[in-house]
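Engineer: Read left to right, the sequence shown gives residues 20 to 141 (the working numbering). Beta carbons: idealized from backbone N, C-alpha and C, even for Gly. All values derive from a computational prediction rather than experimental measurement. Here's a structure for you.
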Amino acid sequence: MSYDLAVWEGECPADLEAGQAFEQLYSQFIESPGATPPTPAIREYVAALLATWVDLTADENDSSPWSAGPLINEASGPIIYFAMRYSMADEVSAVCARMAADRGLVCFDPQWNRLRPTADET
20 MSYDLAVWEG ECPADLEAGQ AFEQLYSQFI ESPGATPPTP AIREYVAALL
70 ATWVDLTADE NDSSPWSAGP LINEASGPII YFAMRYSMAD EVSAVCARMA
120 ADRGLVCFDP QWNRLRPTAD ET
């Protein structure tokens, strides 16, 4: 079982529109058959995540929170949609959301169907 997050570049829509924005970006960049290289901002975000936690492909101690690797392969254009281990999701997803916000990126949590970080996470 895994826990997913989506992070993208662009405006931060109201919560009611966040799910629609996610679905549109997911359809356009993640589900599309053509590969779109990640934008520089998304590459930098992934680099920051990997400076905090080891990539699954380099995990020798079973400590990586990611469910797939290499993590950069989960990115396409202005979005990354990535899964993490459910057992680590509470702590890791909160940090991932904060790291996205600190970089001016939008973080959407499909499980909660809302933007993160939430007011109680800031």
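1) In its own chain, which residues sit with a C-beta less than 7 Å from the C-beta of Ala94, not counting the 5 before and 5 after it?
2) Identify, in the order they occur along the chain, each residue of the same chain with its Cβ nearer than 7 Å to the Cβ of Ala108, setting aside the five sequence neighbours on each side.
3) Answer with buried or exposed for Pro84, where buried requires no fewer than 16 other C-beta atoms within 10 angstroms of its C-beta.
4) Examine the Cβ distances between the region 71-79 and the region 47-57 and report whether three or more of them are shorter than 8 Å.
5) On the criterion of 16 or more Cβ atoms from any shown chain inside 10 Å, does Glu36 qualify as buried, or is it exposed?
6) So what's Met20 in DSSP terms, helix, strand or just coil?
7) Counting only the same chain and skipping the five closest in sequence on each side, list residues whose C-beta sits under 8 Å from that of Ser112.
8) If you scan the region 69-117 from start to end, which runs of the alpha helix (DSSP H) of 4 or more residues do you find wholly inside it?
9) Using the C-alpha atoms, what's the distance from Glu28 back to Pro97?
Structural biologist: With the structure as the only source:
1) Taking the first residue of the sequence shown as 1, we reach residue 94 at position 75. The answer, listed in chain order, is Pro57, Ile61 and Val65.
2) Position 89 of the sequence shown, counting from 1, holds the residue named residue 108. For Ala108, where only same-chain residues beyond five positions count, the Cβ hits under 7 Å are Tyr22.
3) In the sequence shown, counting from the first residue as 1, residue 84 sits at position 65. It is buried - the Cβ of Pro84 has at least 16 other Cβ atoms within 10 Å.
4) no
5) The residue you call residue 36 lines up with position 17 of the sequence shown. Its Cβ having fewer than 16 others within 10 Å, Glu36 is exposed.
6) Walking along the sequence shown from the start, residue 20 turns up at place 1. Of the three classes helix, strand and coil, the one that applies to Met20 here is coil, per DSSP.
7) As a first step, residue 112 must be located in the sequence shown, where it is residue number 93. So the list reads Tyr22, Leu24, Met103, Asp128 and Arg135, once near-sequence residues are dropped.
8) none
9) As a working mapping, residue 97 is identified with position 78 in the sequence shown. As a working mapping, residue 28 is identified with position 9 in the sequence shown. Rounded to whole angstroms, Pro97 to Glu28 spans 5 Å at the Cα level.
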